[in-house]
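Each number in our numbering corresponds to the 1-based position in the sequence shown with 43 added. Here's the structure, in structure tokens; my notes come after.
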Amino acid sequence: MSAANVSEVPQSAKWRFKLGISIICLMLFMWLLVPVAATVGVSGARIAALTGALFIFNKVLLLLVIAVMGKAGFHELKQHIFRRVSGYAVSADDEVGPTRHHIGMVMFCLPLISSFLEPYIDALAPGLRPNNWAFQLLGDVLLIGSFFVLGGNFWEKLRALFIRKARVVNPETL
């Protein structure tokens, strides 16, 4: 076998990978049935049953994806994902500028503060806060996105919160 043939992916692996990706996409798009059912006016009990059925069916489809793609397919999928995400992440050695830090801190704190105040706002002024899942999803996306904006050094700072003997070292006082 020549060096050119070693790097080639067999044809069977290509269609298995594509089939696995399409099943994963099917799993994600099936969750759109829940808001569509709610919009159409399906009863709450049927929406709950649909959600439970989708949850179980997605687990079965995930097992099918594992069987179809195999270890090599998941390795390739992981490489594709990390290749895309690594371009957005800042390494722990890179310095994040002050503007980016301020934007990241707002993105980090805003969802935490709003979710903390949510029950109190509902108790003091019922109906004032819109109960919309899109706003809650936006808060989750903001929180996750803040980790990428704040960079790798922020992960170390956050991790230090959970280490009892961690100490702050201020480089300006050294």
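No residue lacks a Cβ here, since even glycine has one placed at the ideal position from N, Cα and C.
For residue i, three-class secondary structure by DSSP
i, result
"residue 77", "helix"
"residue 194", "coil"
"residue 209", "coil"
"residue 204", "coil"
"residue 216", "helix"
"residue 49", "Low confidence applies here, because residue 49 scores a pLDDT of 47, under 50, leaving its location unreliable and the question unanswered by this model."
"residue 199", "helix"
Assigned exposure category for residue i - 16 Cβ within 10 Å defines buried
i, result
"residue 159", "exposed"
"residue 100", "exposed"
"residue 194", "buried"
"residue 65", "exposed"
"residue 86", "exposed"
"residue 84", "exposed"
"residue 49", "Caution applies to residue 49, whose pLDDT of 47 falls short of 50 and renders its modelled position unreliable; the model cannot decide the point."
"residue 169", "exposed"
"residue 151", "buried"
"residue 149", "exposed"
"residue 141", "exposed"
"residue 60", "buried"
"residue 154", "buried"
Whole-Å CB distance - residue i paired with residue j, under 8 Å assumed
i, j, result
"residue 76", "residue 93", "6 Å"
"residue 62", "residue 111", "5 Å"
"residue 197", "residue 205", "So it is not a contact: roughly 14 Å between Cβ atoms."
"residue 67", "residue 108", "6 Å"
"residue 157", "residue 116", "Not a contact, Cβ separation roughly 40 Å."
"residue 143", "residue 192", "6 Å"
**Q.** Ordered list of beta strand (DSSP E) runs contained in the segment 80-121, each at least 3 residues
**A.** none
Q.
Restricting to runs no shorter than 4 residues, where is the alpha helix (DSSP H) found entirely within the segment 137-178?
A. 141-167
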